[in-house]
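This report refers to the structure that appears directly beneath it.
There are 2 protein chains.
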Amino acid sequence: MTILIKNVLVEGREKNIYIEGNEIAAITDAGSGRSKVREAEFVIDGKRKAVIPGLFNGHTHAAMTLLRGYADDMPLHEWLSTKIWPLEARITEEDVYWGTKLACLEMIKSGTTFFNDMYWYWGGSTRAVAESGIRAMLSAVFIDGFDEEKAKEQIKRNEALYRESKKLPKRIIFALGPHAIYTVSEESLCWVRDFSERHDLLVHIHLSETEAEVEECIKRYGMRPVEFLDRIGFLSSRTIACHCIHLSRKEMELLRKNDVKIVHNPGSNMKLSSGTLPYEELKKAGLYANIALGTDGCASNNNLDMIEEMKIASLVHKALSGDPTSMPAHEAFELATRNAAKMFRLNSGVIEEGKLADIALIDLTKVELVPNHNLTSNIVYSANGSCVDTVICDGEILMEGRKVNGEDEIKEKAQEVAYELVNRKSP
Amino acid sequence: MTILIKNVLVEGREKNIYIEGNEIAAITDAGSGRSKVREAEFVIDGKRKAVIPGLFNGHTHAAMTLLRGYADDMPLHEWLSTKIWPLEARITEEDVYWGTKLACLEMIKSGTTFFNDMYWYWGGSTRAVAESGIRAMLSAVFIDGFDEEKAKEQIKRNEALYRESKKLPKRIIFALGPHAIYTVSEESLCWVRDFSERHDLLVHIHLSETEAEVEECIKRYGMRPVEFLDRIGFLSSRTIACHCIHLSRKEMELLRKNDVKIVHNPGSNMKLSSGTLPYEELKKAGLYANIALGTDGCASNNNLDMIEEMKIASLVHKALSGDPTSMPAHEAFELATRNAAKMFRLNSGVIEEGKLADIALIDLTKVELVPNHNLTSNIVYSANGSCVDTVICDGEILMEGRKVNGEDEIKEKAQEVAYELVNRKSP
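Each protein sequence line maps, in turn, to chains H and F. Converting from the first sequence to this note's numbering requires adding 197 to each position, the first position being numbered 1. Converting from the second sequence to this note's numbering requires adding 197 to each position, the first position being numbered 1.
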């Protein structure tokens, strides 16, 4: 497939973008004599639109869209134990499929072309992602509860999923998803470490999200979470550590030494009062390029809008540091694009020839983007997901003029599934 | 004019809403035998929509939409002195008119039907508001810089504006706008106090926004800002005090004693690293019903989306208090509706017969509102301004199906004016 986007703003200048297969094949000056407009199967009018890299949602549990607004404003443990876990105990693969379909739709509609997921029923998620056209890294929740039998099951299951993943479209990437150090045994973590190294797989883990996690780790292993993972050789440049809130200086240094990747989830962390990623300190420790942004799941955010997430990220660091220059707009934007692409080993995250055609067009006629003194500022501080007009992922047009194929059916069916799920009797 | 909204969700039930003149004349069960549908000049299909009170933006400087994204991520004083003030020195009434037109458009598009404004060129603002159909309380910036001559001018000007305001449509309300205690002399503040009492006018003031303000006040008057205003008898139930970040216990008690109204601007306060309103403490002091929400101006937010502001408000208090039950969704929603209506002495802020027809319809088919387990949660935590489909203010339809009359011209002209302003030579 070939796509031509005519007269679109690329960093303030009108250009033509020519997409061939799943790549940006050429970017030429619009209207200049030298640029002959190539023919293409699809032509998109880019007038009054600006192109940006498709956004990266670095950490989510996509199918939790089903639980959006189901339980909010509760103490963390009560929320988990009385609301989220009982529901998740009766969730089915079909639920996960529809929840993930809804999530993919929401992400496409807000300019996200990649997400990093960890959830139950990997088969449901992969089916939804395969159909949606979005790019994703999908891991199955690996929890053994320190039980040897369960550990064996999980290992067997992940080996099978890894084999299965080879049959999927290339835009679906398999990752290992050990849930956290308080739900996965040391033995299983070591298996993850070895399997990830052998097959060069990324590892998606929750790390130092709450103070309770740190305290429990000190009790169990006599050291803090990052220290423990370093001791067992778990940490590497393949580790995608999500949250990373409660860190000592020494732990930050260990993260740097091991080139660990970090996903910041400011909205979820604020909503659950978990604390905040020590952004300025991590930057000082040399980890800036290793940080991406995520929304977390919809039960704790409650949307998947990465444009909103960039603003929340910047605001919370300005507020906490007392320094209005903290996390300027261009950094928040890089966290959601360039940094994330590198972290997930994708040839994208910037608009350049030869990069993957994972892009979004911003509608510059939206009132919140007028005037346009500074597009990055406008996107980060004023826009929201509804300012995205067109989304292309892997060279396919997933949304044009805010229309996505099959949208109504997805919303209706997912809503039905969600209502049925919350009213379902325990098994 | 009469408007009938058919089959719209009112607190979870399908109703018909009948609007006559500028009031909600009747709310009847949809589809029930007893409710004969009255005829109306305009009929709106409310299917898959929910009605909410139009939102209140409790504090803004509307025309600053012109400076959206013009200067961000800078230290406060440098930002004001090198960017904002020099531009404001050369702003004209025509600029203010177009900036306010743009602001009104943005507010209508995000469900806001009332805003409380303080800015230069009151005439420009009132003209824009009169044309837009939105409801507003407009004050002229009153700054005398502790100069007796300027004070006299300002007093004369405000007396004239007050007289002029009587000719305006009733939905435009005149208020006094003494900028702050560090820009207005004690004598002028006393004049404001007396004039406001004599004519029963609300008074819009910035109060305790920065630590520097508090320090300066202690130097100048030997006491803290709220103590000073209490001493001169300035505080009353007519005082709309914006920001209120740096408050002692004693000051909170003085605010309560004087029934002062408070506007919280979390987005702006975070972006400028000003600190945060002590929400839980003010609630404990019995001031909950006196608190509303505002966006502040677009130079420091950078949009006027009250739906986004509700989320930011709730998140920042959950994050700072360490308590995820802090400012639950229904409180954030009340701050932007019921509380604000009372504060600005308007018979609105709730959906009831006899209330002003200042309402918004939410489009429940938006992907971020699916599923709809809890509408208030969805609006506060997941929606943004683009989920608003229809806006009615003072009984007039200002937006239907997201279309506002004259929208394109307003955006084009305001953009032109904004670019011309930032490139204009100093006078």
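A virtual CB, placed ideally from N, CA and C, is assigned to each residue, including glycine.
- [ ] Taking all protein chains shown into account, decide if N575 (chain F) is buried (16 or more other Cβ within 10 angstroms of its Cβ) or exposed.
- [x] Sequence index remark: in the second sequence, residue 575 (chain F) carries index 378 (1-based). With 16 or more neighbouring CB atoms inside 10 Å of its own CB, N575 (chain F) falls in the buried class.
Open item on the list: Taking its Cβ as the centre, do 16 or more other Cβ atoms sit within 10 Å of N620 (chain F), making it buried, or is it exposed?
Closed with: If you number the second sequence from 1, residue 620 (chain F) lands on position 423. Exposed: under 16 other Cβ atoms inside 10 Å.
Open item on the list: Suppose contacts are defined by Cβ-Cβ distances below 7 Å. Is C441 (chain F) in contact with F425 (chain F) by that definition?
Closed with: Residue 441 (chain F) sits at position 244 when you count from the first residue of the second sequence. Residue 425 (chain F) sits at position 228 when you count from the first residue of the second sequence. The answer is no: Cβ separation not under 7 Å.
Task: Candidates F:E506, F:S362, F:E412: closest to E531 (chain F) by CA position - done: Along the second sequence, read from residue 1 onward, the residue named residue 531 (chain F) stands at position 334. It is F:E506.
- [ ] Check the DSSP bridge columns for M596 (chain H) and list the partner residues they point to.
- [x] Here residue 596 (chain H) refers to the residue found at position 399 when the first sequence is read from its first residue. DSSP links M596 (chain H) through a beta bridge to H:V588.
Task: Contact belief for F311 (chain F) with F371 (chain F) at Cβ below 8 Å, rounded distance in angstroms - done: Along the second sequence, read from residue 1 onward, the residue named residue 311 (chain F) stands at position 114. Along the second sequence, read from residue 1 onward, the residue named residue 371 (chain F) stands at position 174. Your pair F311 (chain F) and F371 (chain F) does not check out as a contact, with CB atoms roughly 15 Å apart and the cut at 8 Å.
Task: Interface flag, Y267 (chain H) vs chain F, CB-CB below 7 Å - done: Your numbering for residue 267 (chain H) matches position 70 in the first sequence. Answer yes: the Cβ-Cβ gap between Y267 (chain H) and chain F drops below 7 Å somewhere.
Task: the stretch 604-618 of chain H: positions lying closer than 7 Å to chain F by Cβ - done: Within the stretch 604-618 of chain H, the qualifying residues are K608, A611, Q612, A615, Y616.
- [ ] Taking a Cβ distance cut-off of 7 Å, strictly less, list which residues of the stretch 400-428 of chain F are near chain H, in chain order.
- [x] none
Task: Beta-ladder partner(s) of Y215 (chain H), from DSSP - done: Position 18 of the first sequence, counting from 1, holds the residue named residue 215 (chain H). Y215 (chain H) is bridged to H:L201, H:A223.
Open item on the list: My output table needs one value for D397 (chain H): the three-state DSSP class, helix, strand or coil.
Closed with: The residue you call residue 397 (chain H) lines up with position 200 of the first sequence. Coil, per DSSP.
Open item on the list: Do H376 (chain H) and E408 (chain H) have their beta-carbon atoms positioned less than 7 Å apart in this structure?
Closed with: Looking up residue 408 (chain H) in the first sequence gives position 211. Looking up residue 376 (chain H) in the first sequence gives position 179. Result no, Cβ atoms of E408 (chain H) and H376 (chain H) do not sit closer than 7 Å.
Task: Which listed residue (H:T297, H:Y578, H:E550) has its alpha carbon closest to that of P525 (chain H) - done: Sequence index remark: in the first sequence, residue 525 (chain H) carries index 328 (1-based). Nearest of H:T297, H:Y578, H:E550 to P525 (chain H), Cα basis: H:Y578.
TODO: Name, please, each residue of chain F whose Cβ falls closer than 9 Å to the Cβ of K515 (chain H).
DONE: Looking up residue 515 (chain H) in the first sequence gives position 318. Residues of chain F passing the Cβ test: D270, M467, K468, L469, S470.
Task: Close Cβ partners of R245 (chain F) (< 8 Å) along its chain, the five nearest in sequence each way excluded - done: Start at 1 with the first residue of the second sequence, and residue 245 (chain F) comes out as number 48. Excluding residues within five positions, the ones whose Cβ falls inside 8 Å are D560, L561, T562.
Open item on the list: Using beta carbons (cut-off 7 Å, strictly below), is E565 (chain H) in contact with chain F?
Closed with: Within the first sequence, residue 565 (chain H) is the residue found at index 368, counting from 1. Answer yes: the Cβ-Cβ gap between E565 (chain H) and chain F drops below 7 Å somewhere.
- [ ] Give a yes or no on whether the minimum CB-CB distance between H570 (chain H) and chain A is below 7 Å.
- [x] Chain labels in this structure do not include chain A; the protein chains are H and F.
TODO: List the endpoints of the continuous alpha helix (DSSP H) containing I504 (chain H).
DONE: Here residue 504 (chain H) refers to the residue found at position 307 when the first sequence is read from its first residue. I504 (chain H) -> alpha helix (DSSP H) spans 503-518.
Open item on the list: Between E303 (chain H) and chain F, is any beta-carbon pair separated by less than 7 Å?
Closed with: The residue given as residue 303 (chain H) occupies position 106 in the first sequence. Closer than 7 Å: yes.
Open item on the list: Would E238 (chain F) and T199 (chain F) qualify as a contact pair, given that the criterion is a beta-carbon distance under 7 Å?
Closed with: As a working mapping, residue 238 (chain F) is identified with position 41 in the second sequence. As a working mapping, residue 199 (chain F) is identified with position 2 in the second sequence. Against a cut-off of 7 Å, the Cβ pair of T199 (chain F) and E238 (chain F) comes out as a contact.
- [ ] Determine the DSSP secondary structure at N355 (chain F), reduced to helix, strand or coil.
- [x] As a first step, residue 355 (chain F) must be located in the second sequence, where it is residue number 158. In this structure, N355 (chain F) counts as helix in the three-state DSSP scheme.
Task: Buried/exposed call for C590 (chain H), threshold 16 Cβ in 10 Å - done: As a position in the first sequence, residue 590 (chain H) is number 393, starting the count at 1. Counting Cβ neighbours within 10 Å, C590 (chain H) comes out buried, since at least 16 surround it.
Open item on the list: Tell me the rounded alpha-carbon separation between Y379 (chain H) and R542 (chain H).
Closed with: For this step, residue 379 (chain H) is matched to residue 182 along the first sequence. For this step, residue 542 (chain H) is matched to residue 345 along the first sequence. If I take the Cα positions, the gap works out to 28 Å.
Task: Length-filtered (4 minimum) alpha helix (DSSP H) runs lying within the stretch 524-563 of chain F - done: Complete alpha helix (DSSP H) runs here, min 4: 526-532, 535-540.
Task: Environment of C387 (chain H) [buried if 16+ CB atoms lie within 10 Å] - done: As a first step, residue 387 (chain H) must be located in the first sequence, where it is residue number 190. Exposed.
- [ ] Return the Cβ separation of R265 (chain F) and C584 (chain F) in integer angstroms, given the expectation that the two are a contact with Cβ distance under 8 Å.
- [x] Translated into the one-based positions of the second sequence, residue 265 (chain F) becomes position 68. Translated into the one-based positions of the second sequence, residue 584 (chain F) becomes position 387. About 21 Å; that fails the 8 Å criterion.
TODO: Output the residue ranges of the alpha helix (DSSP H) runs that lie fully inside the stretch 239-324 of chain F and measure 4 residues or longer, sorted by chain position.
DONE: 282-286, 290-306
- [ ] For the stretch 357-426 of chain F, list the beta strand (DSSP E) runs that are entirely contained and at least 3 residues long, ordered along the chain.
- [x] 369-372, 400-404
Open item on the list: Given a cut-off of 7 Å on the beta-carbon distance, is the pair V423 (chain F) and L451 (chain F) in contact?
Closed with: Indexing the second sequence from 1 puts residue 423 (chain F) at position 226. Indexing the second sequence from 1 puts residue 451 (chain F) at position 254. With respect to L451 (chain F), V423 (chain F) sits close: the two C-beta atoms are nearer than 7 Å.
Task: Among H:R390, H:L358, H:T289, the one whose alpha carbon lies nearest that of S336 (chain H) - done: In the first sequence, the residue the question calls residue 336 (chain H) occupies position 139. Closest by alpha carbon: H:L358.
Open item on the list: Which of the three DSSP states is assigned to V207 (chain F) in this structure?
Closed with: Within the second sequence, the letter at position 10 stands for residue 207 (chain F). The answer is strand: DSSP assigns V207 (chain F) an E or B state.
Open item on the list: List, in chain order, every chain F residue whose beta-carbon is nearer than 8 Å to that of E550 (chain H).
Closed with: In the first sequence, counting from the first residue as 1, residue 550 (chain H) sits at position 353. Neighbours of E550 (chain H) on chain F: none; closest Cβ ~28 Å, over 8 Å.
Task: Nearest neighbour of V240 (chain F), chosen from F:R360, F:P250, F:I216 [CA to CA] - done: Reading the second sequence from its first residue, position 43 is the one you call residue 240 (chain F). Here the closest residue by C-alpha is F:I216.
Open item on the list: Relative to the C-alpha of D269 (chain H), which candidate in H:D292, H:K515, H:D520, H:N498 has its C-alpha closest?
Closed with: Working through the first sequence from its first residue, we reach residue 269 (chain H) at position 72. Residue H:N498 is the option with its Cα nearest to D269 (chain H).
TODO: Compute the distance between the beta-carbons of A227 (chain H) and E211 (chain H), then report whether it is under 7 Å.
DONE: To locate residue 227 (chain H), count along the first sequence from 1; it is residue 30. To locate residue 211 (chain H), count along the first sequence from 1; it is residue 14. Yes.
TODO: Mind listing the chain H neighbours of E505 (chain F)? Cutoff is C-beta to C-beta under 9 Å, in chain order.
DONE: Numbered from its first residue, the second sequence carries residue 505 (chain F) at position 308. Here the neighbours are E505, K508, N581.
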